[in-house]
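Participant: My questions will all concern the structure given below.
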Amino acid sequence: SIPSFFLNQQVSPHTFLHNFHHFFSTKKKTKTYIILHNKTNKHTMTLLRNPFILFTIFIIIIMSFSSCYSIKFLDDDHNINNLEEEFGNDFHFKAYPSNYFNTILDHEKNNNMKKNLEIISRFQRFKNLEKLDEEEDQAKVITISVDRFGAKGDGKIDDTNAFQKAWKEVCSSSNVVNFVVSKNKKYLLKPIKFSGPCKSSITMQIYGTLLASDDTSDYNKDSRHWLIFDSVQKLVVGGAGVINGNGKIWWQNSCKINKKLPCKVAPTALTFYKCNNLKVKDLKIEDAQQIHLLIEKCGVVEVSKLVVSSPENSPNTDGIHITNTQNIQISDSIIATGDDCISIVDGSQKVLATGITCGPGHGISIGSLGGGNSEAHVSDIHVNGAKLFGTTNGLRIKTWPGGFGCASNIKFQNVVMNNVKNPIIIDQNYCDQADGPCKDETDSAIEVKNVIYQNIKGTSATNDAINFNCSKKIPCQGILLENVKLLGGNGETPNAIWGNINNLTCNNVLPECQKNSKIV
5 SIPSFFLNQQ VSPHTFLHNF HHFFSTKKKT KTYIILHNKT NKHTMTLLRN PFILFTIFII
65 IIMSFSSCYS IKFLDDDHNI NNLEEEFGND FHFKAYPSNY FNTILDHEKN NNMKKNLEII
125 SRFQRFKNLE KLDEEEDQAK VITISVDRFG AKGDGKIDDT NAFQKAWKEV CSSSNVVNFV
185 VSKNKKYLLK PIKFSGPCKS SITMQIYGTL LASDDTSDYN KDSRHWLIFD SVQKLVVGGA
245 GVINGNGKIW WQNSCKINKK LPCKVAPTAL TFYKCNNLKV KDLKIEDAQQ IHLLIEKCGV
305 VEVSKLVVSS PENSPNTDGI HITNTQNIQI SDSIIATGDD CISIVDGSQK VLATGITCGP
365 GHGISIGSLG GGNSEAHVSD IHVNGAKLFG TTNGLRIKTW PGGFGCASNI KFQNVVMNNV
425 KNPIIIDQNY CDQADGPCKD ETDSAIEVKN VIYQNIKGTS ATNDAINFNC SKKIPCQGIL
485 LENVKLLGGN GETPNAIWGN INNLTCNNVL PECQKNSKIV
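Quick note on numbering: the sequence shown equals residues 5 to 524 in this note's numbering.
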């Protein structure tokens with residue numbers, strides 16, 4: 005007889021060992037054959053039962069399980085775009101070891117073991133999200149549709165009350181809930197808060213469109229938010245639907261569009277506040293009133309496969325804005341807005357962004373930090389694999405004069421730029437004139453240190469492709485550029501500005517650190 009567990013089935017190591025032991029402990033007196041099938045060429049090999057052969061096969065199979073499962077772990081945790089074809093042979097993709105800056109900053113003492121444990125811990129947190137999915141599969145799952153609570157979905161009748169009633173039932177359920185927003189419908193909504201804590205994990209499947217009210221008086225109670233999830237844990241929001249902020253009326257009344265009007269805040273389209281173990285995926289977020297997606301005071305977050313869009317001239321419409329959040333991964337997303345594609349501000353740590361397409365917009369920004377003489381801290385930011393097209397900035401770190409704190413351990417790696425203004429820029433004298441007159445440099449500034457630019461190529465739309473406008477009082481510390489090649493639109497070599505930097509290291513950089521440079 006031939007045991008079924010040998011016949012081309014994919015099983016876990018635990019299942020295989022159990023079946024293997026059971027089979028040979030109950031078939032001792034039976035002459036047994038093991039049939040090994042090859043699906044590709046249909047050849048079949050039959051082996052008579054032989055203890056030595058069986059033991060050898062057993063060892064080989066166990067080793068193969070180990071190899072496959074180990075490789076899968078690495079593949080899942082290092083899912084980044086392969087840009088080798090675009091960079092060519094001159095660009096290698098091996099990142100610097102975590103203790104690199106020991107060689108350029110003697111006062112920086114990194115513990116390698118601690119760094120490795122932090123990396124393992126970070127990726128383990130993302131693995132915990134997968135574990136949550138497995139636990140949900142084993143729990144009882146119920147489906148709740150907003151239509152059951154009277155939502156019309158015609159884009160004209162206000163469906164806010166129906167969503168509030170539905171959420172009350174969703175959040176109070178002790179079962180795992182699929183909260184469904186129906187396909188081919190458009191739900192008109194006023195500002196709404198989905199409050200937690202809830203009794204169980206929730207997956208909100210948005211298949212249709214959520215459309216924001218364009219009546220500005222609807223936002224009198226809370227002018228900063230349209231849709232907000234507050235203190236909801238183990239939440240997944242996805243479904244390939246659309247979140248439309250209907251922001252045109254807000255843009256027209258912006259002081260950046262109409263200089264005669266006073267500057268006012270406008271709502272963020274989608275906010276997650278104090279939500280841990282969060283996934284946001286497979287959504288289109290468009291025409292936000294201001295910021296499209298805000299992640300604030302959250303932990304262990306995955307954002308993936310988003311399409312974020314608004315017109316190039318829409319003011320303050322950041323794509324993804326991260327503040328006071330730790331352990332967040334953003335991947336495989338397309339962002340085209342009127343402001344920063346991704347902005348990372350105070351309190352953000354351990355941020356990984358991969359597979360990002362940006363443009364139009366203001367690029368990928370750390371900051372702004374330190375506005376209003378405030379304290380700000382940002383660290384462990386890694387952008388690995390991005391394409392920027394026609395943006396007004398490329399990779400930017402911006403801090404206000406007069407602030408205090410630190411932006412450190414930042415790596416921009418494997419980035420392609422096409423016709424980008426200010427491709428690489430650090431500005432410790434940043435000023436947004438919409439907030440009032442710019443201040444002269446003061447004795448205080450956000451410290452910028454330990455920044456790596458590696459494997460960056462493309463074309464600059466400005467004469468200065470690299471611009472380090474660092475503070476005279478608190479210079480930038482420990483800047484490394486390696487394998488950076490930025491050309492002008494006609495293939496000419498652009499300029500670079502190196503202002504107030506301690507410990508600058510360049511390796512294979514164009515424009516060169518000495519030639520075509522302005523030392524300020």
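Glycine is no exception: its CB is placed at the ideal position from the N, C-alpha and C atoms.
Can you give me the start and stop residues for the alpha helix (DSSP H) that E173 sits inside?
Facilitator: Looking at the DSSP string, the run of the alpha helix (DSSP H) that includes E173 is 164–176.
Participant: With W254 as the anchor, note down where its alpha helix (DSSP H) starts and where it stops.
Facilitator: Where W254 is concerned, the enclosing alpha helix (DSSP H) stretches over 252–256.
Participant: So, using beta-carbon positions, are I450 and N471 closer together than 8 Å?
Facilitator: For I450 and N471, no; Cβs fall outside 8 Å.
Participant: On the DSSP bridge assignment, give the partners of Q294 in chain order.
Facilitator: In the DSSP output, where bridge partners are listed per residue, Q294 has none listed.
Participant: Would you check if the stretch 385–401 and the stretch 355–375 touch, i.e. whether three or more CB-CB distances between them fall below 8 Å?
Facilitator: Counting Cβ pairs under 8 Å, three or more are found: they touch.
Participant: Leaving out five residues before and five after I261 in sequence, what residues of the same chain have Cβ atoms less than 8 Å from its Cβ?
Facilitator: Within the same chain, I261 has close Cβ partners W255, N317, P319.
Participant: Could you give the residue range of the beta strand (DSSP E) that holds W230?
Facilitator: That run of the beta strand (DSSP E) goes 229–234.
Participant: How is V349 classed by DSSP in three states: helix, strand or coil?
Facilitator: Reduced to three states, the DSSP call for V349 is coil.
Participant: One question on the structure: do P271 and Y223 come within less than 8 Å of each other, judged by their Cβ atoms?
Facilitator: Going by C-beta atoms, P271 is nearer than 8 Å to Y223.
Participant: Ignore the nearest five residues each way along the sequence and tell me which others in H296's own chain have a CB closer than 6 Å to its CB.
Facilitator: If we look at H296 and ignore the five residues flanking it on each side, its Cβ neighbours are A273, I289, V312, G323.
Participant: Could you tell me the alpha carbon to alpha carbon distance between K405 and P315, rounded to whole angstroms?
Facilitator: The question names Lys, but residue 405 in the sequence shown is Pro. Going from the Cα of P405 to the Cα of P315 covers about 30 Å.
Participant: In this structure, how does DSSP classify S205 when only helix, strand and coil are distinguished?
Facilitator: In the structure shown, S205 sits in coil (DSSP, three-state: anything other than H, G, I, E or B).
Participant: Note down the Cα distance separating K187 from G159, rounded to an integer number of angstroms.
Facilitator: In a straight line, the C-alpha of K187 is about 13 Å away from that of G159.
Participant: Measure the Cβ-Cβ separation of N473 and Q432 and say whether it is below 8 Å.
Facilitator: Yes, Cβ-Cβ distance for N473 and Q432 is below 8 Å.
Participant: Would you please state the rounded distance, in angstroms, between the beta carbons of C362 and I339? I believe it to be under 8 Å.
Facilitator: Yes, they are in contact, since the Cβ atoms of C362 and I339 sit about 5 Å apart, within 8 Å.
Participant: For a test of the three-state rule: what should DSSP assign to N377, helix, strand or coil?
Facilitator: Three-state result, N377: helix.
Participant: What distance in whole Å lies between the Cβ atoms of N182 and T164, which are believed to be in contact at a cut-off of 8 Å?
Facilitator: Their Cβ separation, rounded to whole angstroms, is 21 Å, which puts T164 and N182 out of contact at 8 Å.
Participant: Between the Cα of T497 and those of C480, T147, V284, G462, spot the shortest distance and give me the residue it belongs to.
Facilitator: Of the candidates C480, T147, V284, G462, the one whose C-alpha sits nearest the C-alpha of T497 is G462.
Participant: Kindly provide the ranges of any beta strand (DSSP E) runs that are 3 or more residues long and lie completely inside the stretch 305–374, ordered along the chain.
Facilitator: Complete beta strand (DSSP E) runs here, min 3: 311–313, 324–327, 330–340, 346–348, 353–362, 368–373.
Participant: Can you tell me the Cβ-Cβ gap for P325 and D350, rounded? I've got them flagged as a contact below 8 Å.
Facilitator: It is worth fixing the name first, because residue 325 is His in this sequence and not Pro. About 11 Å; that fails the 8 Å criterion.
Participant: With DSSP as the reference, identify every bridge partner of K402, one or two as the case may be.
Facilitator: Paired residue(s): D431.
Participant: Contact defined as beta carbons within less than 8 Å: I believe G398 pairs with N423. What is the distance between those atoms, to the nearest angstrom?
Facilitator: Wrong, their Cβ atoms sit about 11 Å apart, outside the cutoff.
Participant: Going by DSSP, what residues sit across from T275 in a beta bridge?
Facilitator: Paired residue(s): I232, L298.
Participant: Might you give, ordered along the chain, the residues of its own chain that have their beta carbon closer than 7 Å to the beta carbon of G154, omitting 5 neighbours on each side?
Facilitator: Excluding sequence neighbours, G154 sits near A166.
Participant: In the structure shown, what three-state DSSP assignment does T220 receive?
Facilitator: Helix.
Participant: Do K301 and T329 come within 8 Å of each other at the CB atom, strictly closer than that value?
Facilitator: Yes; because the gap between Cβ atoms is below 8 Å, this pair is in contact.
Participant: Whole angstroms is fine: what's the gap from Q293's alpha carbon to L192's?
Facilitator: Using only the alpha carbons, I get a separation of about 15 Å.
Participant: Could you check how far apart the C-beta atoms of I346 and I334 are, in whole angstroms? I think they sit under 8 Å.
Facilitator: So it is a contact: roughly 7 Å between Cβ atoms.
Participant: Check for me: the beta strand (DSSP E) holding C480 runs from which residue to which?
Facilitator: Where C480 is concerned, the enclosing beta strand (DSSP E) stretches over 480–492.
Participant: Which parts of the stretch 177–203 are runs of the alpha helix (DSSP H), unbroken and 4 residues or longer, counting only runs that do not cross its ends?
Facilitator: As far as the stretch 177–203 is concerned, it has no whole alpha helix (DSSP H) run of at least 4 residues.
Participant: Kindly indicate the opening and closing residues of the beta strand (DSSP E) around Y457.
Facilitator: Residues 450–464.
Participant: Just mark P195 as buried or exposed, buried being the case when its beta carbon has 16 or more other beta carbons within 10 Å.
Facilitator: P195 should be labelled buried.
Participant: State the Cα-Cα distance for the pair K309 and V420, rounded to the nearest angstrom.
Facilitator: The straight-line gap from Cα to Cα measures roughly 19 Å.
Participant: Within 10 angstroms of the Cβ of T213, are there 16 or more other Cβ atoms? Answer buried if so, exposed if not.
Facilitator: The residue is buried, with at least 16 neighbouring Cβ atoms inside 10 Å.
Participant: Rank V184, C510, H366 by C-alpha distance to the C-alpha of P427 and give the top, closest one.
Facilitator: Closest by alpha carbon: H366.
Participant: Let's see if you can read the secondary structure: which residues bound the beta strand (DSSP E) around V241?
Facilitator: 239–242 is the span of the beta strand (DSSP E), which, as asked, contains V241.
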